[in-house]
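**Student:** Following this message is one structure expressed as C-alpha cells.
Numbering (UniProt numbering), first residue to last: 1 to 225.
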C-alpha cells in the first residue's frame, strides 16, 4: 500500500487499504475454514449479527427500529497541544468502509479541550447536508464527551442517537433523560467488536493526519532555513 502511494497510484493504494481493513474485520472474529465453506454468506451474516447485537444491547430507552445503516465514530487528538484534529470513521451496514473516513482540522476550539473540539467537529459535520445522515454517532470517550449533546440540538431537528465508548473498561455509555446508562459487554460480543474496530481505525486515521502535518511542517522549516 505504501509503495503504491509513493508511486502516486492512489487508486491502487485505496483498494489495498480497503482489503486490509476487511481482513482486519475478519481476523477480529476467528472462524474456521469449514464455516466459510458451509455458508458462502458468512461475512454478510457476521456483519448483520454485529448490527443486531449492538442494536439489542443499546435499545433500552434509546433506539427503536433504528436500522443502524451508517455508524460514525469520532476521535479528537493533538500533538503536544498543537495540530488538533478529529477523525471520523464509518461503518455502513456493518462494514467498516475506509473510503467514507474524513479528517477535520480543528479551527476554533482550544486543542486542550476535547469537549470543545468535539462540539466544533459535530457542528460542522451535522451541517453537511450533502453527506448521508448517520443512524448512530459514537464518541471515543465517556460522560464528559456526551455533555456536548445539548449544544447540538439546535443544528437539526432530527439529531441522531449519540453514545460513547470508554476505553478503560470498554464501556458503552448511553445518555438518558435521567442520567446515564453504562453497558459492559463481553469482549467477544460482536457489537462491541464492531465499535472497537471503528475506534481503533479512528486512532489510526488520526495518526496518519498528524504524520502528514509533521512532515509538512518539517518541509516548510527546511525551506525557510
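Ideal placement from N, C-alpha and C gives every residue a C-beta, glycine not left out.
Suppose only complete runs of 4+ residues qualify. What are the alpha helix (DSSP H) ranges in the stretch 103 to 141, listed by chain order?
**Tutor:** Counting only runs of 4 or more, we get 114 to 126.
**Student:** Taking 7 Å as the cut-off, decide whether the C-beta atoms of residue 209 and residue 89 are in contact.
**Tutor:** No, the pair does not count as a contact, with Cβ atoms beyond the cut-off.
**Student:** Tell me, please, whether the stretch 73 to 83 touches the stretch 48 to 60 by the rule of three or more beta-carbon pairs shorter than 8 Å.
**Tutor:** Segments in contact, no.
**Student:** Would you call the stretch 157 to 169 and the stretch 98 to 105 in contact, with 3 or more CB pairs under 8 Å?
**Tutor:** Flag = no, the stretch 157 to 169 and the stretch 98 to 105 do not touch.
**Student:** Determine the contact status of residue 207 and residue 73, defining contact as a CB-CB distance below 7 Å.
**Tutor:** No. Outside cutoff.
**Student:** Give me whichever residues DSSP pairs with residue 180 in a beta bridge.
**Tutor:** Residue 180 is bridged to 175.
**Student:** Going by Cα to Cα distance, which pick from 67, 140, 149 is closest to residue 123?
**Tutor:** Ranking the options by Cα distance to residue 123, first place goes to 149.
**Student:** Taking DSSP as the reference, what is the three-state secondary structure of residue 201?
**Tutor:** Of the three classes helix, strand and coil, the one that applies to residue 201 here is helix, per DSSP.
**Student:** Can the beta-carbon of residue 50 be found closer than 7 Å to that of residue 194?
**Tutor:** Yes, the Cβ-Cβ distance between residue 50 and residue 194 is below 7 Å.
**Student:** If you compare alpha carbons, which of 154, 117, 156, 173 is closest to residue 162?
**Tutor:** If we check each option's Cα against that of residue 162, 173 comes out closest.
**Student:** Do residue 135 and residue 59 count as a contact pair if the criterion is CB distance below 7 Å?
**Tutor:** Contact flag unset, no.
**Student:** Is it buried or exposed for residue 6, if we count other Cβ within 10 angstroms and need 16 for buried?
**Tutor:** At residue 6 the pLDDT is 46, less than 50, meaning the model places this residue with poor confidence; the figure from the coordinates comes in the next sentence. Answer is exposed; the Cβ neighbour count stays below 16.
**Student:** Does the separation of the CB atoms of residue 118 and residue 155 fall below 7 Å?
**Tutor:** Contact flag unset, no.
**Student:** Please report the straight-line C-alpha distance between residue 104 and residue 171, rounded to a whole angstrom.
**Tutor:** Computed Cα separation, rounded: 26 Å.
**Student:** Assuming residue 70 is part of the beta strand (DSSP E), what are its boundary residues?
**Tutor:** Here the beta strand (DSSP E) through residue 70 covers 70 to 79.
**Student:** What first and last residue would you give for the beta strand (DSSP E) that runs through residue 148?
**Tutor:** Neither: residue 148 is in no beta strand (DSSP E) and is coded neither H nor E.
**Student:** Note down, in chain order, each residue of its chain lying with its Cβ closer than 6 Å to the Cβ of residue 178, except the 5 sequence neighbours on either side.
**Tutor:** If we look at residue 178 and ignore the five residues flanking it on each side, it has no Cβ neighbours.
**Student:** With which residues is residue 92 paired in a DSSP beta bridge?
**Tutor:** Note: residue 92 sits in a beta bridge opposite 70, 95.
**Student:** Rounding to the nearest angstrom, what Cα-Cα distance links residue 47 and residue 191 in this structure?
**Tutor:** Each residue's alpha carbon lies about 9 Å from the other.
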